[in-house]
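J.: Numbering (my numbering), first residue to last: 166 to 295. Just so it is clear, CB atoms sit at the ideal spot from N, CA and C, and this is done for glycine as well. Dropping a structure here in C-alpha cells format, bear with me for questions.
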C-alpha cells in the first residue's frame, strides 16, 4: 500500500477526517457528498443505505473517488480512486455506530434507517496528493 498511499499522507485516511466521496450518476454527471469512512488495509469502508442516490449510482458505475483535506493545512490533500468491490448488509446499523464513535459521538446509537443499511467497500487503486 505504500506505493499507492504515500506514508506522509496515510494519517489523512487513518484519522477521523471527513472525506468527500464522488460517484457517477446514471446520466454521467458526478455526485459528491461528505462521508464518514474507515480505512481497512487497502480498502475504505462507508456506511450507507440502499435507498439513496449514491447507492444507485454505484450499481450503475462502480467507480469511486474520495478526497480528504488536511484539517491543519487546507492546501494539502489526498485523493484516492478505486471502485466498489463489496456491499455488505448491516441491518442493525452496527457499522454506523462504529463510525459515529470514530467521529466523536461516544453515545452513537443505530440510525432509524438501520434496516436498509449496508457497508460499501471501496478498493484503493490510485492516489494523488498535494
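Just to check my reading of the structure: residue 287 and residue 209 have Cβ atoms closer than 8 angstroms, yes? What is that Cβ distance to the nearest angstrom?
T.: Translated into the one-based positions of the chain shown, residue 287 becomes position 122. Translated into the one-based positions of the chain shown, residue 209 becomes position 44. With 8 angstroms as the limit, residue 287 and residue 209 qualify as a contact, their Cβ atoms being about 4 angstroms apart.
J.: Nearest CA to the CA of residue 262: which residue from 199, 220 and 277?
T.: By one-based count along the chain shown, residue 262 stands at place 97. Closest option to residue 262, Cα to Cα, is 277.
J.: DSSP three-state call for residue 265: helix, strand or coil?
T.: As a working mapping, residue 265 is identified with position 100 in the chain shown. Residue 265 falls in the helix class under three-state DSSP.
J.: Within a Cβ cutoff of 6 angstroms, which residues of the same chain sit near residue 202, ignoring the five residues on either side of it in sequence?
T.: One-based indexing of the chain shown puts residue 202 at position 37. So the list reads 184, 209 and 211, once near-sequence residues are dropped.
J.: Pull up the distance between the alpha-carbon of residue 233 and that of residue 273, whole angstroms please.
T.: One-based indexing of the chain shown puts residue 233 at position 68. One-based indexing of the chain shown puts residue 273 at position 108. Residue 233 and residue 273: Cα-Cα distance of roughly 23 angstroms.
J.: Please report the residue range of the beta strand (DSSP E) in which residue 198 lies.
T.: Along the chain shown, read from residue 1 onward, the residue named residue 198 stands at position 33. Note, residue 198: beta strand (DSSP E), 195 to 200.
J.: First and last residue of the beta strand (DSSP E) that includes residue 291?
T.: Your numbering for residue 291 matches position 126 in the chain shown. Looking at the DSSP string, the run of the beta strand (DSSP E) that includes residue 291 is 291 to 294.
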